[in-house]
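Structure first, then comments.
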Amino acid sequence: MFSELLISPFVEFAFMRRALVGATALALAGSPLGVFLILRRMSLTGDAMAHAILPGAAIGYLFAGLSLGPMTIGGLAAGLIVAVGSGVVARATILREDASLAAFYLISLALGVTLVSIRGSNIDLLHVLFGSVLALDDATLILLAAIASVTMAGLALLYRPLVMETVDPGFLASVSRASGPTQIAFLTLVVLNLVGGFQALGTLLAVGMMMLPAASARLISRDMTAMIAIAAALGWLAGYVGLVISFHASLPSGPVIILTAGALYLLALIFGPAGGLLRGLKPRSHLEA
Amino acid sequence: MTAAIRFDDLTLGYDRHPAVHHLDGEVEAGTLLAICGPNGAGKSTLLKGIVGALAPLSGAISLSRVKPRDIAYLPQAADIDRSFPIDVFDVVGMGLWKRIGLFGGFSARDEEKIHDAIAAVGLRGFKRRPIATLSGGQLQRMLFARLLIQDAAVILLDEPFTAIDSKTTSDLLDLVARWRAEKRTVLAVLHDLDLVRRHFPQTLLLARQTIAQGRTEAVLTPENLLKAKAMIESFDRQAHACERAA
């Protein structure tokens, strides 16, 4: 009974297996990035970057139609231009990072929608925005896996300066020149994952996979390492459960995966031991020996 | 004695408004120097200039036998994100960056050093405490532990004892005395003149330019302090242009 419900969809259908592999890759890499975005108070940056990717993907689409390579390269290029551009503007002018990023992504999004509308119908646009995790081909899976690997290696490399840059940016600036490159490399990883995510889940939902498990992890643990592990685990769980539900209920898989992550987030919000709602209701006595 | 830091006709400022104005002078290696002066005298600005966070508008700061990376700097209000889930040990360990960089792990000796530094600032038992739970004084102690770990030849402290109680201040002053004994150069921006008189042999009285520099008792005279105050007030009234340059 349980195996029929939980396992057989994946045994019987190759597209379900592929979807699960894709969701796993996204969860493993995206959720830890989300943890850093939240701790750096950049939770909305992912959303902005996801919009920023659109014109690049659209240009790729204009030239080559719905195909992986050109849309990925286009999205990556647009995302990096916006990430680096807004970083440079924030450092060189009076505008802070949030303002310069907002300006860049708005221009980018408007450009993207215009470009998509030049050719193609609304259905195509829906595909770009909401993805199709059930239609992952080999090339897309390899792309997702490669992005996950690069992200993990990259985060391992960046971990120390990134933590220092977040906790005490002034100190890092006083001992090394690593802050600028660290910030840009981190945003590059975010862009990479969003570009990967929009193949599978679409630009909008890729951000959900990044932020929801991370926000939940923040409510569950106070330890950085644990937070990253929990975020990745919750992301994977949301992917798996979301796929199962969407299979049995015949619902669109991308949104259901994110709704599942959302449900996990609500649970963490209520029961989270490191800052959930219930914890605040009951005052706890101080530590006694 | 050799000069560790020299200022040649140094002007530092923000958006072309000078905060330190045509400053000449030098700081000898191994000096324990207090930097005093009214608000707006350019004290913090001078430290930022020395550490390289602010480029001179004109003139120069030259370091001899000290590389920029041998300077440790504790800013006035360290912009630490106290909600970040990190413990005291890891923050103090950041002081090892210069040596272990991006990937290097802590050796057993490093861990011991971090341990000792935490004990030296009186935070024994706080090693695994998240920084969100520290009081203001404990946070400052932790930052001093990180300075200890940095093992720097030149240490710059910007108002390190502001809003810190007397017990903590006296504990931290013991560390400053230890740095002096180790022949490190320490520059501290301070407002408490009594504290300066008791603990700092040398003083630089600043009011955008040097009012006096030398032995503390010779510098912190009522006349000099009055002069510094008058200097800042008159400068503020005509801050739009540089008289000396004309």
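Chains A and B are the protein sequences, given in the same order. Start counting the first sequence at 60; every next residue gets the next number (this note's numbering). Start counting the second sequence at 7; every next residue gets the next number (this note's numbering). For each residue, glycine too, the CB sits at the ideal point set by N, CA and C.
CA-CA distance, Ala215 (chain A) and Gln242 (chain A)?
Residue mapping note: residue 215 (chain A) aligns to position 156 of the first sequence, counting from 1. Residue mapping note: residue 242 (chain A) aligns to position 183 of the first sequence, counting from 1. Cα-Cα distance, rounded: 14 angstroms.
So, with DSSP's three-state summary, where would you put Ala252 (chain B)?
Start at 1 with the first residue of the second sequence, and residue 252 (chain B) comes out as number 246. Low local confidence applies: a pLDDT of 41 at Ala252 (chain B) is under 50, so the model's placement there is unreliable, with the coordinate-based value given in what follows. Three-state result, Ala252 (chain B): coil.
Buried or exposed by the 16-neighbour rule on C-beta atoms within 10 Å, applied to Ala251 (chain B):
The residue you call residue 251 (chain B) lines up with position 245 of the second sequence. Reliability fails at Ala251 (chain B), whose pLDDT of 47 lies under 50, so the model's placement of it is uncertain and the value that follows must be treated cautiously. Counting Cβ neighbours within 10 Å, Ala251 (chain B) comes out exposed, since fewer than 16 surround it.
With DSSP as the reference, identify every bridge partner of Leu16 (chain B), one or two as the case may be.
Locating residue 16 (chain B) in the second sequence gives position 10, counting from the first residue. In the DSSP output, where bridge partners are listed per residue, Leu16 (chain B) has B:Leu29.
Is there a Cβ from chain A that is less than 8 angstroms from the Cβ of Arg75 (chain B)?
Translated into positions along the second sequence, residue 75 (chain B) becomes position 69. Chain A, which has a Cβ nearer than 8 angstroms to the Cβ of Arg75 (chain B), makes this yes.
Cutoff 7 angstroms; reference Val97 (chain B); Cβ partners in own chain excluding five residues on either side:
In the second sequence, residue 97 (chain B) corresponds to position 91, counting from 1. Excluding the 5 residues flanking it on each side, Val97 (chain B) has same chain C-beta neighbours closer than 7 angstroms at Ile137, Met148, Arg152, in chain order.
Using a Cβ-Cβ cut-off of less than 8 angstroms, give me the residues of the stretch 202–223 of chain A that come near chain B, in sequence order.
Listed by position, the residues of the stretch 202–223 of chain A near chain B (Cβ gap below 8 angstroms) are Leu216, Arg219, Pro220, Val222, Met223.
Across the stretch 132–152 of chain A and the stretch 73–80 of chain A, are there enough close Cβ pairs to call them in contact, namely three or more that are closer than 8 angstroms?
Verdict: no, contact absent.
How far does the beta strand (DSSP E) with Ala66 (chain B) in it reach, from first residue to last?
Position 60 of the second sequence, counting from 1, holds the residue named residue 66 (chain B). Looking at the DSSP string, the run of the beta strand (DSSP E) that includes Ala66 (chain B) is 64–69.
At what residues does the alpha helix (DSSP H) containing Ala151 (chain B) begin and finish?
Position 145 of the second sequence, counting from 1, holds the residue named residue 151 (chain B). Where Ala151 (chain B) is concerned, the enclosing alpha helix (DSSP H) stretches over 142–156.
Along chain A, in chain order, which residues have C-beta atoms closer than 7 angstroms to that of Tyr20 (chain B)?
Stepping through the second sequence from its first residue, residue 20 (chain B) is reached at position 14. Ordered by position in chain A, no residue passes the 7 angstroms Cβ test against Tyr20 (chain B), which lies about 12 angstroms from the chain.
Secondary structure of Arg221 (chain B), DSSP reduced to three states
As a first step, residue 221 (chain B) must be located in the second sequence, where it is residue number 215. Strand, per DSSP.
List, in chain order, every chain A residue whose beta-carbon is nearer than 7 angstroms to that of Trp185 (chain B).
Walking along the second sequence from the start, residue 185 (chain B) turns up at place 179. Those do not exist, as Trp185 (chain B) stays about 17 angstroms from chain A at its closest Cβ, beyond 7 angstroms.
Taking the alpha-carbon positions, what's the Gly128 (chain A) to Gln258 (chain A) distance?
As a first step, residue 128 (chain A) is located in the first sequence; it is residue number 69 there, counting from the start. As a first step, residue 258 (chain A) is located in the first sequence; it is residue number 199 there, counting from the start. When rounded, the distance between both Cα atoms is 11 angstroms.
Please compile the residues from chain A whose C-beta is within a distance smaller than 8 angstroms of the C-beta of Leu108 (chain B).
In the second sequence, the residue the question calls residue 108 (chain B) occupies position 102. Residues of chain A with a Cβ closer than 8 angstroms to the Cβ of Leu108 (chain B) are, in chain order, Leu216, Arg219, Pro220, Ala237.
State the beta-bridge partners of Tyr164 (chain A) as determined by DSSP.
Within the first sequence, residue 164 (chain A) is the residue found at index 105, counting from 1. In the DSSP secondary-structure assignment, Tyr164 (chain A) is not bridged to any residue.
Would you report the Cα separation of Leu253 (chain A) and Ala265 (chain A), rounded to the nearest angstrom?
For this step, residue 253 (chain A) is matched to residue 194 along the first sequence. For this step, residue 265 (chain A) is matched to residue 206 along the first sequence. Rounded to whole angstroms, Leu253 (chain A) to Ala265 (chain A) spans 6 angstroms at the Cα level.
Span of the beta strand (DSSP E) holding Ala123 (chain A)?
Here residue 123 (chain A) corresponds to residue number 64 of the first sequence, with the count starting at 1. DSSP places Ala123 (chain A) in no beta strand (DSSP E) but in the uninterrupted alpha helix (DSSP H) bounded by 104–123.
Taking the beta carbon of Val182 (chain B) as the centre, do at least 16 other beta carbons fall within 10 Å, making it buried, or is it exposed?
In the second sequence, counting from the first residue as 1, residue 182 (chain B) sits at position 176. By the 10 Å Cβ count, Val182 (chain B) comes out buried.
Glu156 (chain A) versus Tyr164 (chain A) - alpha carbon distance
On the first sequence, position 97 is the one that residue 156 (chain A) refers to. On the first sequence, position 105 is the one that residue 164 (chain A) refers to. The straight-line gap from Cα to Cα measures roughly 12 angstroms.
Could you tell me which uninterrupted alpha helix (DSSP H) segments, each at least 4 residues in length, are contained entirely in the stretch 81–110 of chain B, listed from first to last along the chain?
Uninterrupted alpha helix (DSSP H) stretches at least 4 residues long and entirely within the stretch 81–110 of chain B occur at 94–99, 103–106, given in chain order.
Please name the residue in A:Gly321, A:Phe122, A:Leu318 whose C-alpha comes closest to that of Leu174 (chain A).
Residue 174 (chain A) sits at position 115 when you count from the first residue of the first sequence. Measuring from the Cα of Leu174 (chain A), the nearest candidate turns out to be A:Phe122.
Is it buried or exposed for His23 (chain B), if we count other Cβ within 10 angstroms and need 16 for buried?
In the second sequence, counting from the first residue as 1, residue 23 (chain B) sits at position 17. So His23 (chain B) ends up on the exposed side.
Which two residues bound the contiguous alpha helix (DSSP H) that contains Leu201 (chain B)?
Taking the first residue of the second sequence as position 1, residue 201 (chain B) is located at position 195. Its alpha helix (DSSP H) spans residues 199–205.
Enumerate in chain order the residues of its own chain whose CB-to-CB distance from Asp164 (chain B) is below 6 angstroms, with the five nearest sequence positions on each side excluded.
As a position in the second sequence, residue 164 (chain B) is number 158, starting the count at 1. Listed in chain order, the non-local C-beta contacts of Asp164 (chain B) below 6 angstroms within the same chain comprise Ser50, Leu53, Pro81, Gln82, Val195, local neighbours out to five positions each way being set aside.
Quick one: Cα of Ala84 (chain B) to Cα of Gly229 (chain A), how far?
Locating residue 84 (chain B) in the second sequence gives position 78, where the first residue counts as 1. Locating residue 229 (chain A) in the first sequence gives position 170, where the first residue counts as 1. Taking the straight line from one Cα to the other gives about 7 angstroms.
Residues in the same chain with beta-carbon distance under 7 angstroms from Val315 (chain A), minus the five sequence neighbours each way, listed in chain order, please.
In the first sequence, residue 315 (chain A) corresponds to position 256, counting from 1. Its chain contains Gly301, Ile304, Ser305 as the residues whose beta carbon lies nearer than 7 angstroms to that of Val315 (chain A), once the 5 sequence neighbours on both sides are disregarded; these appear in chain order.
Count the other CB atoms, across all protein chains shown, that sit within 10 Å of the CB of Phe13 (chain B); report buried if there are 16 or more and exposed otherwise.
Residue mapping note: residue 13 (chain B) aligns to position 7 of the second sequence, counting from 1. Looking at its Cβ environment, which holds 16 or more other Cβ atoms inside 10 Å, Phe13 (chain B) is buried.
Selection from A:Ala308, A:Ser309, A:Ser275 that minimises the alpha carbon distance to Ala297 (chain A)
Locating residue 297 (chain A) in the first sequence gives position 238, where the first residue counts as 1. When the alpha-carbon of Ala297 (chain A) is set against those of A:Ala308, A:Ser309, A:Ser275, the nearest one is in A:Ser275.
Taking the beta strand (DSSP E) that Leu193 (chain B) belongs to, which residues open and close that run?
Along the second sequence, one-based indexing puts residue 193 (chain B) at 187. Its beta strand (DSSP E) spans residues 191–195.
For Ser344 (chain A) and chain B, any beta-carbon pair shorter than 8 angstroms?
Locating residue 344 (chain A) in the first sequence gives position 285, counting from the first residue. Taking Cβ atoms only, chain B never reaches closer than 8 angstroms to Ser344 (chain A), which makes this a no.
CB contact check: Pro319 (chain A) to chain B, cutoff 8 angstroms
Along the first sequence, read from residue 1 onward, the residue named residue 319 (chain A) stands at position 260. It should be noted that the sequence gives Thr, not Pro, for residue 319 (chain A). No, because no Cβ of chain B sits closer than 8 angstroms to the Cβ of Thr319 (chain A).
Can you tell me whether DSSP reads Asp171 (chain B) as helix, strand or coil?
The residue labelled residue 171 (chain B) in the question sits at position 165 within the second sequence. The answer is coil: DSSP assigns Asp171 (chain B) none of H, G, I, E or B.
Test item: CB-CB of Gln219 (chain B) and Gly99 (chain B) under 8 angstroms
As a position in the second sequence, residue 219 (chain B) is number 213, starting the count at 1. As a position in the second sequence, residue 99 (chain B) is number 93, starting the count at 1. Result no, Cβ atoms of Gln219 (chain B) and Gly99 (chain B) do not sit closer than 8 angstroms.
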